[in-house]
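Count along the sequence shown from 1, add 551, and you get the number used in this note's numbering.
Glycine is no exception: its CB is placed at the ideal position from the N, C-alpha and C atoms.
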Amino acid sequence: MSESSYESVGSPAFVVPTTQGRELTEPLREDIRYLGGILGDIIREHEGPDVFDLVERARLESFAVRRSEVEREDSAGFYADADVAQAIPLIRAFSHFSLLANLAEDLHRERRRAIHVDRNDPPQASSLDATWLALDAAGLTTSQVTAALADALVSPVITAHPTETRRRTVFDVQAKITDLMRRRQVVSTAKASSSAQELTSIDTQIRRQVLTLWETALIRLSRLRIQDEIEVGLRYFESSLFDVIPELNADVRTALRLRWPDSSLLARPILRPGSWIGGDRDGNPNVTAEVVHSATHQAGYVAFAYYLDELVSLEKELSMSARLVAVSEDLLTLASASDEPDDRRSDEPYRVAIAGIRARLSATAAAVLDSVPVSALDRGSAPYYGPQEVLDDLDTVDRALRADGDALIADDRLRKLRQSVETFGFHLQALDMRQNSETHEVVVAELLAWAGVHQDYLSLDEADRVTVLSRELTTRRPLIGPTAELSELATKELGIVRAAKEAIDHLGPETIQNYIISMCESVSDMLEAALLLKEAGIFDPGVDGSAPTSSVGVVPLFETIEDLQQGAATLIATLEVPVYRALIAGRGMNQEVMLGYSDSNKDGGYLAANWALYRAELDLLEASRKTGIRLRLFHGRGGTIGRGGGPSYDAILAQPPGVVQGSLRLTEQGEIIAAKYAEPSRARRNLESLVAGTLESTLLDVEGLGDDAEPAYAVLDDLAERARAAYGRLVHEEPGFVEYFRMATPVAEVGELNIGSRPASRKPTNSVSDLRAIPWVMSWSQCRVMLPGWYGTGTAIEEWVGGDENKFAALTDLYRTWPFFQTVLSNLAQVMAKSDLGIAARYAELVPDRELRGRIFGMIEVEHAKTVRMYLRITGHTRLLEDNPALERSVHNRFPYLEPLNQMQVEMLRRFRAGDTDERVKRGILLTMNGLATALRNSG
């Protein structure tokens, strides 16, 4: 069997169409045909019949390959012969189709959920309605729930990603098409005589939007700036989060207090978003003090602009006259302090009071932001000291309305605004700071030398470093003054931390709450970060015996498998340092720890990394019990399975029992962000699943192992070690692997073609360990190997079982009873279903060394087949996605439209590497990367 003719079990031939529930998906197919037809018409009309024929031929060729009517190697010549002038519209056509297909699938899920509700079906798992039923059945006491949810927090943290860079115009057009498709569905089922005319109008509007989409560049060609990434992250508040998060917070609080009325559950909103964009400088030299300032103040601007706009609307709506309604004394007092210049509104106290709130909030914006929103009202009013003062005034208006029997009015825009201020404050979202421990070490050494504390800190052993750092953390004396002459690196790092202090002073302590240390391996790594916070004035050592304080917590990030294994010991040792223990005591004994899914996977492979994370959580939980801290875990999950991705609800339930403790944070990355949060209904569904998983994992026994936990853990210990060894033999030991990876994937072009603001590697080397996780995973996804999501698992299982049927039965039992193992295998199946080694073989042909190509790709082929075989044997399935027919249909239907994008990427890579300098070749590679990311939906 030749490399190019190889068809893997993860190829279209294996992910077969299913007839299960096929009639239920007919509306989806109709939507895809409808949108695809419009796109085809536009291509024919605006690009000409030759381009349309080329696109159509590519489509037919792809279907023929899927049906095994032609060999893939026979169709490759079609793409090799494509002129670059026609290749670009061909790539764009299939990229746009993927985007429209995603839109149709999202609408179909929405439609199916509505049908479930209309039929009064039992609530679906991962919905809050299902959670309330489960909690009601559990018989929990008020004291149990109150203790478990004492510091409840669910925080999705948005991070930048090179394939999620769609322009605002594209984003807006997608939203318009989505709304129009909803209207079209309603009108098409109506029987009114005007429906036909309205349907024609909607069809015209959809065609207009698809035309706009076609004639708008999906991406910009200039290098992505951090500023662009900041703006992309903030757009989700306007599109969905302002509508969804405050309302969801209120709903959860109401539901919990209804069940446990004697409690004051959720004194603070449970959902509070965060961001890394503009604060994460690990390996990104483009993050500066100016960027931190911009990220925090732009976020503040978005919050203030929203509040002021809502106040303008409220001022128009609350037109009640004092001649017609009773007005409370508190409201009259509030109105009298508003500096209202218009006597004609003297009998409209609500409008006057709202205008006064707007004037004070405008004054606040002028004081803390770089620019004032257009809805500001300048009266020279006194600014608010903090968001609680705004909330107090809004509560005064709320109480006045309710006292007069106007709860119906109070529960509309005013209620939403009050909830928003409570949730978002002046800061909108919490920006995390992150830097690598090696950088901290170098900077701290320079500061200590400049201050004369120690001339060669780097030469000290760990114990002496801890001694020096502990001593410095107990004194308020800064290490440097304003005239210090420091290196560029130290100046930059201190500038960034000082910019964080300024943001906190302007926008409040919730603006920046966490300082994350990448590659944290020791106590000194944590104390070095604390010392930098002290130098900026964030960490205060206290005076006259008072405890140290810091509004920003020091968060270790354990990333490699070794660091995960030693994480609990590192944390315990740090808490034994008196000054750090005192700091944690002053923070309510709360300690956050971040777990890195991406680097642990790159280090040890899929199964080993997942088990190392589980074991680390167990160890950290035990450490928290020994030290008396309240542990909060921050999960650094990527969009892909290889970076910890997969359904969030399932992932939360798969955590060890007792770990969640009412709170968690997790990163949201890549195309997943748009898929989850671009539109209110989807945002509500996804945020609900995070809250539902958190509540269930905290309050219910979801592990299901009982007394069998330790034997199950022992099995996974063994499997993980075997999987890591198998993975290491390929990635870390096999000669020529790095060369193969660089040639058989587009990883080199990820760095060369200005994708993302962050360099592809932490250091300028060819080492896999120095390569950032995003390009590592994205490159394997683009070439359809998906290696980080499965490699090594098949060998581990086969070796452990050794032909023993009883061992297979034991694994099957674990799969059926243990959410962790079930989730690991389910996610593995999902990622393998999107792999296609027939396509991957085309990429392998880019490796000039024939022996190397055959050797490495042969290892991948064998392990791929073995892993699928083991998965099917354990689960009893006959297909990878047998238990998920909706996803199976989606993957099966997408394969033909991925084929041209992969084939054209291979061809463009071949030309680019051969020295073709045509700018359109570079653009073609970039477009295929984004097109495939869109189609796969979780590529990095």
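Out of the options, which one is the CA nearest neighbour of residue i?
i: His1186; options: Gly1179, Leu1164 and Thr1178; result: Leu1164
i: Tyr901; options: Asp929, Ile594 and Asp946; result: Asp946
i: Pro1198; options: Ala1225, Asn1237 and Ile709; result: Asn1237
i: Glu1239; options: Val795, Ala627, Gly588 and Ile757; result: Val795
i: Gln1456; options: Ala627, Asp601 and Ala840; result: Ala627
i: Tyr1291; options: Ala981, Leu1256, Arg1401 and Arg1335; result: Arg1401
i: Thr751; options: Val738, Thr763 and Thr1025; result: Val738
i: Gly1032; options: Glu789, Trp1001, Ser1102 and Val1019; result: Trp1001
i: Ile639; options: Gly907, Val1472 and Ala1484; result: Val1472
i: Ser988; options: Met1070, Arg1016 and Ala1014; result: Met1070
Looking only at its chain, what residues have a beta carbon closer than 6 Å to the beta carbon of residue i, apart from the 5 residues adjacent to it on each side?
i: Thr1125; result: Val1074, Met1077 and Tyr1131
i: Ile1192; result: Caution applies to Ile1192, whose pLDDT of 46 falls short of 50 and renders its modelled position unreliable; the value that the coordinates give is listed next. Cβ neighbours of Ile1192 beyond the five flanking positions: Gly1340, Asn1378 and Val1382.
i: Ala652; result: Ile583
i: Arg1028; result: none
i: Ile1348; result: Met1421
i: Leu999; result: His1005 and Tyr1008
i: Tyr857; result: Phe793
Whole angstroms are fine: how far does the CA of residue j sit from the CA of residue i?
i: Glu1110; j: Leu611; result: 45 Å
i: Asp813; j: Thr692; result: 10 Å
i: Ala688; j: Trp811; result: 14 Å
i: Glu554; j: Phe1408; result: Unreliable placement is indicated for Glu554, whose pLDDT of 34 sits below 50; no coordinate value is reported for it.
i: Ala1380; j: Asp963; result: 45 Å
i: Leu882; j: Asp669; result: 43 Å
i: Val878; j: Met871; result: 10 Å
i: Arg1367; j: Arg1166; result: 20 Å
i: Ile1068; j: Gly1137; result: 21 Å
i: Ala1081; j: Ser1010; result: 20 Å
i: Lys1085; j: Gln849; result: 26 Å
i: Gly1003; j: Tyr787; result: 48 Å
i: Val838; j: Leu1108; result: 19 Å
i: Leu1172; j: Val1210; result: 6 Å
i: Gly1405; j: Arg617; result: 24 Å
i: Gln1064; j: Gly1104; result: 6 Å
i: Tyr852; j: Arg909; result: 15 Å
i: Leu1477; j: Asp779; result: 17 Å
i: Met984; j: Trp827; result: 7 Å
i: Gly1195; j: Arg930; result: Because Gly1195 carries a pLDDT of 46, less than 50, the predicted location of this residue cannot be relied on, and the following value inherits that uncertainty. Gly1195 and Arg930: Cα-Cα distance of roughly 51 Å.
i: Pro1060; j: Thr1121; result: 27 Å
i: Ala1493; j: Gly1427; result: Here the chain comprises residues numbered 552 to 1491, so residue 1493 is not present and cannot be evaluated.
Measure how close the beta-carbons of residue i and residue j come, nearest whole angstrom, since I'm counting them as under 8 Å.
i: Glu861; j: Leu968; result: 5 Å
i: Leu1037; j: Val993; result: About 11 Å; that fails the 8 Å criterion.
i: Leu819; j: Ser706; result: Correcting the residue identity first, residue 819 is Arg in this sequence and not Leu. 12 Å between Cβ atoms; not a contact.
i: Ile1112; j: Gly1155; result: 4 Å
i: Leu1182; j: Val696; result: No, Leu1182 and Val696 are not in contact; Cβ-Cβ is about 19 Å, not under 8 Å.
i: Ala1054; j: Thr1062; result: 5 Å
i: Leu1083; j: Glu1044; result: 7 Å
i: Arg623; j: Gly1389; result: 5 Å
Which same chain residues end up closer than 7 Å to residue i when comparing Cβ atoms and leaving out the 5 residues on each side of it in sequence?
i: Glu1247; result: Thr682, Ala685, Leu1204 and Val1253
i: Gln1206; result: Glu1168 and Ser1248
i: Pro797; result: Lys967, Gln970, Ser971 and Thr974
i: Thr1026; result: Pro1092
Using the beta-carbon count (16 or more within 10 Å), is residue i buried or exposed?
i: Ile666; result: exposed
i: His647; result: buried
i: Glu1072; result: buried
i: His1057; result: buried
i: Arg774; result: exposed
i: Arg1445; result: buried
i: His597; result: exposed
i: Thr729; result: buried
i: Pro1326; result: buried
i: Ala1225; result: buried
i: Asn835; result: buried
i: Asn671; result: exposed
Might you give, ordered along the chain, the residues of its own chain that have their beta carbon closer than 8 Å to the beta carbon of residue i, omitting 5 neighbours on each side?
i: Asp802; result: Leu679
i: Ala615; result: Val621 and Ser626
So, does the CB of residue i fall closer than 8 Å to a CB anywhere in chain B?
i: Gln939; result: The structure shown contains no chain B; it holds only a single protein chain.
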